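Be aware that the sequence shown starts at 2, since it is given in the numbering used here, and climbs by one per residue.
Note that beta-carbon positions come from the ideal geometry of N, C-alpha and C, so glycine has one too.
Note that this is a predicted model, so its numbers are computed, not measured.
Heads up: the structure comes next, in structure tokens.
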Amino acid sequence: MHRRTLLHCLLLLCLLVPIAACSREPGDESTLDRVLARGILRVGTEPEFKPFESKNEHGEFVGFDIDLVRELAGDLEVELEIVEMAFPALIPSIRQARIDLAVSGMTATAERAKSVSFTDSYFETGLCLLVGADAGIESADGFGDRQLAVKQGTTGQINARRLFPNARITVMRTEGACVNEVVTGRADAFLYDQLSVLGASRAHPKTTRAILTPLTKEPYAMATPHGDAKFVTRLNEFLTAIRKDGRYQTMRDKYLKDLPDGSR
Ligand code: GLN
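So, in structure tokens, the structure goes:
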């Protein structure tokens, strides 16, 4: 009887070992395991999106998103490596495994979610308009065939045609170039995220004005390799933890003091 049990156990072991070995194929490994093994978390960002990410006068990365991933790397007990790139390069870089995740004030959209997986949202805002001080625009209605600037690859560009069906659209590579279109009067408005519009209107009070009424919902989230549930679960645990232990509130107080309506 004893012998039989032993035999059964051995047989089971023989069956299970190959299965276990198979499930550890390198291709199936979670990015989380790779990050922990490497001891470095590689995060992609475009540091041109205040107050979420920018570079200070010493060339250091600063902002809400930067603090967020610093805390994350600390919790994972790994080093943080920030990889700077243009916003439209972030998703392709995740897919090519050049970075482990992107944090860049990125809106979680259904379309993007076909090629990357998003964490829970850590901030919600909306798109709105920066208008020329003399453009005579009071609201998004009646924009007609005026000139609208949008930043390439952003939800501003993605939503422009739907929100402003008759607008003439200029696509620029940077936020600065879009703001400049409005400042110089070449464009009547710039469609972009609320806090950036607010910041631009304060930087150019004579030539621009913010119409902060949100025209869309923009939930910001971290973007990760597609379908890596283990990694996303760990990141969501981190987001829950910082909301509970007060670190999230500290970051909000530091970077996101005065929020327009519709942001939370
Ligand atoms: N939230 C916008 C988007 O996801 C803009 C982000 C950005 O320019 N950093 O497209």
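Counting Cβ pairs closer than 8 Å, one from the segment 115 to 126 and one from the segment 224 to 236, do we hit at least three?
At 8 Å Cβ cutoff, the stretches touch.
Where are the beta strand (DSSP E) runs, 3 residues long or more, that stay fully inside the segment 16 to 90, in chain order?
Listed in chain order, the complete beta strand (DSSP E) runs (minimum 3 residues) inside the segment 16 to 90 are 41 to 46, 80 to 85.
I think Leu196 touches Leu164, with their Cβ atoms under 8 Å apart; what is that distance to the nearest whole Å?
Residue mapping note: residue 196 aligns to position 195 of the sequence shown, counting from 1. Residue mapping note: residue 164 aligns to position 163 of the sequence shown, counting from 1. Not a contact, Cβ separation roughly 19 Å.
Look up Tyr193 in the DSSP assignment and give the residues it is bridged to.
Taking the sequence shown and counting its residues from 1, one reaches residue 193 at position 192. BP columns for Tyr193 point to Cys129.
Report whether the distance from the Cβ of Tyr221 to the nearest heavy atom of ligand 1 is below 8 Å.
Mapped onto the sequence shown, residue 221 falls at position 220. Tyr221: yes, Cβ under 8 Å from ligand 1.
Let me check understanding here. Comparing Cα to Cα, which of Asp146, Val151, Leu199, Met252 lies closest to Val172?
One-based indexing of the sequence shown puts residue 172 at position 171. Here the closest residue by C-alpha is Val151.
Should the segment 46 to 57 be regarded as contacting the segment 101 to 110, the criterion being three or more beta carbon pairs within less than 8 Å?
Enough Cβ pairs lie closer than 8 Å, so yes.
Is any heavy atom of ligand 1 found at a distance shorter than 8 Å from the C-beta of Ile100?
Looking up residue 100 in the sequence shown gives position 99. Flag unset: Cβ of Ile100 not near ligand 1.
Compute the Euclidean distance between the alpha carbons of Ala98 and Glu72, then round it to the nearest angstrom.
As a position in the sequence shown, residue 98 is number 97, starting the count at 1. As a position in the sequence shown, residue 72 is number 71, starting the count at 1. Approximately 22 Å, taken between the alpha carbons.
Is the closest heavy atom of ligand 1 to the C-beta of Glu112 under 8 Å?
As a first step, residue 112 is located in the sequence shown; it is residue number 111 there, counting from the start. Not so, every heavy atom of ligand 1 lies at least 8 Å from the Cβ.
Counting only runs of 3+ residues fully inside the segment 184 to 250, write out the beta strand (DSSP E) ranges in chain order.
Entirely contained in the segment 184 to 250, the beta strand (DSSP E) runs reaching 3 residues are, in chain order, 190 to 194, 209 to 212, 219 to 221, 224 to 226.
With DSSP run on the structure shown, which of helix, strand or coil describes Thr171?
Translated into the one-based positions of the sequence shown, residue 171 becomes position 170. It is a strand residue.
What is the rounded straight-line gap between the Cα of Asn181 and the Cα of Glu30?
Within the sequence shown, numbered from 1, the residue matching residue 181 stands at position 180. Within the sequence shown, numbered from 1, the residue matching residue 30 stands at position 29. Computed Cα separation, rounded: 46 Å.
Beta carbon of Gln148, beta carbon of Arg169: below 9 Å?
Locating residue 148 in the sequence shown gives position 147, counting from the first residue. Locating residue 169 in the sequence shown gives position 168, counting from the first residue. Result yes, Cβ atoms of Gln148 and Arg169 sit closer than 9 Å.
Using alpha carbons as the reference points, say which of Val36, Leu130, Ala201, Met223 lies closest to Phe144.
By 1-based counting over the sequence shown, the position of residue 144 is 143. Per the Cα distances, Leu130.
If we call anything under 9 Å between Cβ atoms a contact, is Ala211 one with Pro166?
Mapped onto the sequence shown, residue 211 falls at position 210. Mapped onto the sequence shown, residue 166 falls at position 165. Taking 9 Å as the Cβ cut-off, Ala211 and Pro166 do not qualify as a contacting pair.
Report yes if the CB atom of Glu219 is closer than 9 Å to the CB atom of Asp259, and no otherwise.
As a position in the sequence shown, residue 219 is number 218, starting the count at 1. As a position in the sequence shown, residue 259 is number 258, starting the count at 1. In this structure, Asp259 does not lie closer than 9 Å to Glu219 by Cβ.
Kindly indicate which three-state DSSP category Leu260 falls into: helix, strand or coil?
Position 259 of the sequence shown, counting from 1, holds the residue named residue 260. Coil.
Where does Gln158 fall in DSSP's three states?
Residue mapping note: residue 158 aligns to position 157 of the sequence shown, counting from 1. Note: Gln158 maps to helix in three-state DSSP.
Would you mind giving the Cβ-Cβ distance between Pro52 and Gly64, rounded to the nearest angstrom? I have them listed as a contact below 8 Å.
Reading the sequence shown from its first residue, position 51 is the one you call residue 52. Reading the sequence shown from its first residue, position 63 is the one you call residue 64. About 6 Å; that satisfies the 8 Å criterion.
Hey, out of Leu192, Thr175, Ala136, Glu125, whose CA is closest to Gln158's CA?
As a working note, residue 158 is residue 157 in the sequence shown. Out of Leu192, Thr175, Ala136, Glu125, Leu192 has the C-alpha closest to the C-alpha of Gln158.
Between which residues of its own chain and Pro93 is the CB-CB distance below 8 Å, once the five residues before and five after are set aside?
As a first step, residue 93 is located in the sequence shown; it is residue number 92 there, counting from the start. Cβ within range, chain order: n/a, list empty.
Applying the criterion that 16 or more other CB atoms from any shown protein chain within 10 Å of the CB defines a buried residue, is Pro206 buried or exposed?
Within the sequence shown, residue 206 is the residue found at index 205, counting from 1. Result: exposed.
Do you know how far the Cα of Leu33 is from the Cα of Ala141?
Start at 1 with the first residue of the sequence shown, and residue 141 comes out as number 140. Start at 1 with the first residue of the sequence shown, and residue 33 comes out as number 32. Each residue's alpha carbon lies about 43 Å from the other.
Which same chain residues end up closer than 8 Å to Asp68 when comparing Cβ atoms and leaving out the 5 residues on each side of it in sequence?
Reading the sequence shown from its first residue, position 67 is the one you call residue 68. Closer than 8 Å at Cβ, skipping near neighbours: Met252, Lys255, Tyr256.
Please report the distance separating the alpha-carbon of Phe239 from that of Asp76.
Your numbering for residue 239 matches position 238 in the sequence shown. Your numbering for residue 76 matches position 75 in the sequence shown. If you take the alpha carbons of Phe239 and Asp76, they lie about 8 Å apart.
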